[in-house]
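Down below is the structure, laid out as structure tokens.
Protein chains in written order, with the numbering used here: chain C, 5 to 372; chain R, 971 to 1288; chain W, 20 to 383; chain U, -17 to 347.
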């Protein structure tokens, strides 16, 4: 905690060439009046070239801060990044490169789409200008060429008659259209990674469907990797290959989307899945996760989920659980149930989850 | 609610379960503070605001007690041996120096001036706030034609260079009378407040908690006095501090030009007005101290205003 | 709850608790120099439905479809422009202010925003208690104990009465809002997106609570939501709204299994499901919801309708507004060609959709 | 755009009309009236006073006086004919149509009671010095306030920012007239004596400003004349703008910080734009929106400030004219000054609105 990024420790080895982004032990703190608050606390994951990853969590879980840290969009201070943290992108460590070098990565190799398309677009410039300035900057093209490229990007995201649309201002468009503009902007320099932070949360269901389909199609066409941040397990199930579940600043579970959603191992993920209303649960009570997300000012001492956890026992209050392997190499869960101490309890807990999902006669078997 | 709601048997376990789900023990702290208490707590954390409050407290003490301890009754003070043209610089005996002419103690003048200046600043603010709140409430609540009419009046009043008009009005109506000056300043201090209150009415009226109150059958009167006005309170208080500051300067200015309070009553403006003639003599201490008194007062009031703004701002933390 | 049954007149069997007929709410838009009315927002534009005693009737639709305005005009928090709302056989729309206040005891509302719906400057005892006082259900002396009872009913501690809203989490605030409505012992509660602003893990707590309370106090809900999964789990009957009108109405089982309006089908197809095995080819609507200031002529959905396109753009859809008609008992739909909707058609259309659908068909 | 400006101008008409009523009302309600100045003079009898009143039309009913002053009616006609101008059109229409030349509506503010000159003549004579003072002050005010504010916002909590904060607090609390006096003490008093204490020109070198001889002199030695006036402008301008700079530099800073916190600035950074582009293209333009409105609202202070500054520095402008007219109960002059300055304020607000509409595309015309 006292050591931050300014003191440069020896770096680990770069990841292999198939890995586009590797985040190692990422820690982000915020300096507030009475000390520092951990927003992201030891997060690690990696994204292969052209792959999709979903970061899932409720408000306050640290998922957006993770993305902003990777993009280096946080002001330091009040934010601080742990000295041991490393982010490897496309073969180099990017937390430590000078900001002006990082600027050449942002928008070009790594682009970001935000939640609120209205506030994320500058109200006083036309959308054409907002896309073209990025193209001019990164691709060193002339104004004419940049405009053509903006039009092309808008056409790619399905905006009709883009030649006239580029002269419009953001307020003259609907929410879905603005989000398409944001996506076009992100695409304009053909990035290797697109980070989408809750791209559909502010949109209606039918528009959300449009945008999700669009993102999928774009990703297939361009071969960019996609990092999708969302609180909606449904969106994750449809969009990504790999999932990272976050709770109170930590990764509590990760694995392929099938593994995590069909055979969850962390009690938090189990609880989330159980509490989603569905037709099968009609007529019965929904399972709930009792209590509320802890305040980052006042985190539980050991396991952060312990006060809300139905399976917790004494150990959970005394010792923080590590992220343990529960299958293949990148199938992890943070719970004492999956350490040796939990051997005797594991079976019953997993059975309890299966029972909770089995309401209304539909049985969802966990894959072996 | 009847006794059937008291927990019994199965119902009791149900209630316990509900309470468990609500997780009542994780978020709610032990202490319970009202918005006012919270605001005060934040205000106390604002060092400049506390400084302002201290200064203002001292100034008010001076204004109340000063004239009793150091009365401005020059009849009882022997006239100087001879009427000198030049004043005397600060000394151990007269630490703000002495004026030219009747050779008066500047400190004594400044102390006596505090009472009038503060009185005018605060009471005219009070008049302005009362008028502004009433006008703004009527406009905001009644709406339609009345609103339109009142707001056009505000437009007109705001388009007038107010100090210009006050100057003329003080000259023509004031006759040097403190109360009349207060009324005149009050009559020209309400426009900002009324706009503020009106906009608060318009926005708070649309808030869900007002709608909720209407849904449970709360009367309009209660909605105005218990829901809307208390929520409009903080912006009113903050802008009141600006009015006090403005009117203290305004009064000094009007008196300085000789159109305000009767020149025989010491106000900070009057003292400055007298000093102006003596500029060529270099009697710097004569205007310096009353001016510093004004700056100090206005600074104190502005600090308090800033503190209040932060204290009432829900985005800032205690 | 014994006094409730005695204080109200018993109803004839089969009679709806709430009946909405031809309800309209138009908001004028003023503009120009003289602040003349230059346009009208047709927020709710002719809605009919009944709510039976004890049922949960849901209204679903996207933002701007008028569902919230509709909910509020039932309680006359906004004055309806036309139409009637009958509660237990009494016309609510014509009631004078005094009687309306008395009636609001029986009809209550729970709001969406747990932060905006509680006055930040009032302690919980005032927030919950002011309704009790206004309705003459208690006096100052017994108020606090009644408030404590209400808090306990929603799962909060009795000691919380002197606390202020900012001390509670979103879910707890939502419980306070529910306690405020429930303290008046209503029969009918409009739940206006009560869980939309909450995290998933808190959402299920509140849904459970609403179901418990319905069971305990024999309540009838009008549940307004944009979340089709929640509605499917929670309600008995559903009305789907589009641009100020109900386009389809039926029981949950009927509507979710056998939807007949092209819009409903698209909505259902758009729900993302948290089961990766069910990844599906979606039926994606093109374009945005038109502005309620200028609803399209004829069928309001015609600008985005996939069925119309498939049928070769029949003239009727733009010339004639489809009425809500009964397909079979309890299932009503407002589409001229509802009979042409088959699962085969849906699959065919979904499969033929381009990967990147254009955003809007209207000219730029 | 043109339509928007026309609409805003039409909206300003009732306000201007209201201003004439308020201005007239205040002066009407004043005790004593224009004859008050005779009260101390024992040689003036009641009879003379009556004659005076009759000569100035003060014996007429108040609405008639108001209508005459405004130029709604033509005092030479009788009956309903009073509302008709010479050409047969209503009297209140512009001179080319109605042929009427009397009243405020036709640019006629009457005669000064104290000097007997046309009010117009006196106001026009005083206007140029005030315009020079106010114009220079406005320029300095805007440039300095915006530069200071933006710089402080970018280098938040720096030494400069903290110094600017202190300056803002003190400058905002400082009474303008006191500052003026102290500056004179400091720079023109017995000590330093490096700047002129008052006036507009060095009277020993040039004829009085505004006189015909002055313009001859100006034609001969324009550079010297300009530098002379510039030299005399330093203290008054400084005095006049300190309060506004103090307040507005903070306002610009806050507005800039607000803009820098917006989502679109984050987007701009995410696009990889250099810091300069983010600050000066994306944030600054948005930050200027509230500043423009605020400056429009502060224009009246320029007039108020001018009274103070002109009094202290003997600047021969509108401010001094007002003080003189107030002292002499010169009603026509006062009404003219008040009305013209109020009109300028309305125009300034209108201009601010138009400027706002130009830089914010969200405003519909």
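Where is the CB? At the ideal position from N, CA and C, for every residue including glycine.
{"query": "According to DSSP, is residue 47/W helix, strand or coil?", "result": "strand"}
{"query": "For chain U, check one thing: does any of its Cβ atoms lie closer than 8 Å to the Cβ of residue 127/C?", "result": "yes"}
{"query": "State yes or no: is the C-beta of residue 1079/R within less than 8 Å of the C-beta of residue 1236/R?", "result": "yes"}
{"query": "Does the beta-carbon distance from residue 123/C to residue 78/C come in below 8 Å?", "result": "no"}
{"query": "Looking at C-alpha atoms only, which residue of 174/C, 352/C, 43/C is the closest neighbour of residue 130/C?", "result": "174/C"}
{"query": "What residue from 37/C, 203/C, 352/C has the CA that sits closest to residue 1015/R's CA?", "result": "37/C"}
{"query": "Can you list the residues of chain C that residue 299/U reaches, using a CB-CB cut of under 7 Å?", "result": "Near residue 299/U there are no residues of chain C at all, since even the closest Cβ is about 38 Å away, more than 7 Å."}
{"query": "Closer than 8 Å is the cut-off here; do at least three beta carbon pairs connect the region 1149 to 1164 of chain R with the region 1103 to 1112 of chain R?", "result": "yes"}
{"query": "Taking the alpha-carbon positions, what's the residue 1217/R to residue 218/U distance?", "result": "23 Å"}
{"query": "Quick one: list the residues of chain W neighbouring residue 235/C, beta-carbon separation under 9 Å, in chain order.", "result": "218, 219"}
{"query": "With a cut-off of 8 Å, do at least 3 Cβ pairs link the region 280 to 290 of chain U to the region 153 to 164 of chain C?", "result": "no"}
{"query": "How many angstroms separate the CA atom of residue 150/W from the CA atom of residue 159/W?", "result": "12 Å"}
{"query": "Using a Cβ-Cβ cutoff of less than 7 Å, which residues in the same chain neighbour residue 317/W once the five nearest sequence positions on both sides are dropped?", "result": "336, 337, 338, 339, 340"}
{"query": "For residue 190/C, which residues in the same chain have their Cβ closer than 6 Å to its Cβ, ignoring the five residues on either side in sequence?", "result": "115, 117, 198"}
{"query": "Roughly how many whole angstroms lie between the Cα atoms of residue 289/C and residue 227/W?", "result": "6 Å"}
{"query": "Please check if any C-beta of chain W sits within less than 8 Å of the C-beta of residue 182/C.", "result": "no"}
{"query": "Take residue 69/U and list the residues in its own chain whose beta-carbon comes closer than 8 Å to its own, dropping the five residues that flank it on each side.", "result": "79, 80, 81"}
{"query": "By Cβ distance, which residues of its chain are closer than 7 Å to residue 345/W, with the 5 residues on each side in sequence left out?", "result": "351"}
{"query": "For chain R, check one thing: does any of its Cβ atoms lie closer than 8 Å to the Cβ of residue 151/U?", "result": "yes"}
{"query": "So, does the region 304 to 318 of chain W touch the region 228 to 235 of chain W, judging by three or more C-beta pairs under 8 Å?", "result": "no"}
{"query": "Do residue 161/U and residue 299/U have their C-beta atoms within less than 8 Å of each other?", "result": "no"}
{"query": "Between 342/C, 93/C, 69/C, 332/C, which has its C-alpha nearest residue 20/C's C-alpha?", "result": "93/C"}
{"query": "Might you give, ordered along the chain, the residues of its own chain that have their beta carbon closer than 6 Å to the beta carbon of residue 285/U, omitting 5 neighbours on each side?", "result": "323"}
{"query": "Could you give the DSSP three-state label for residue 187/U: helix, strand or coil?", "result": "coil"}
{"query": "For a minimum of 4 consecutive residues, which ranges assigned as the alpha helix (DSSP H) are wholly contained in the region 50 to 137 of chain C?", "result": "67 to 75, 103 to 109, 121 to 124"}
{"query": "Taking DSSP's pairing of strands, which residues face residue 101/W in a bridge?", "result": "43/W"}
{"query": "Which residue from 1230/R, 1220/R, 1077/R, 1010/R puts its Cα closest to that of residue 1036/R?", "result": "1077/R"}
{"query": "Would the beta-carbon of residue 264/W fall within 8 Å of that of residue 76/W?", "result": "no"}
{"query": "I want to see whether chain W comes within less than 8 Å of residue 1103/R, judged by CB atoms only; does it?", "result": "no"}
{"query": "I need the boundaries of the alpha helix (DSSP H) containing residue 236/W, first residue and last residue.", "result": "219 to 236"}
{"query": "So is residue 120/C in contact with chain U if we call contact Cβ pairs under 8 Å?", "result": "yes"}
{"query": "Quick check on DSSP: helix, strand or coil for residue 997/R?", "result": "Residue placement at residue 997/R is poorly supported in this model, since its pLDDT is 45, which falls under 50; the coordinates still yield a value, given next. Three-state result, residue 997/R: helix."}
{"query": "Who are the near neighbours of residue 264/U in its chain, counting only those whose CB is closer than 7 Å to its CB and skipping five residues on each side?", "result": "246, 247, 250"}
{"query": "What does the alpha-carbon distance come out to for the pair residue 42/W and residue 322/W?", "result": "24 Å"}
{"query": "Report the rounded CA-to-CA distance for residue 139/C versus residue 330/W, giving the unit in angstroms.", "result": "43 Å"}
{"query": "Alpha carbons only, please: which of 89/W, 304/W, 162/W, 55/W is nearest the one belonging to residue 369/W?", "result": "304/W"}
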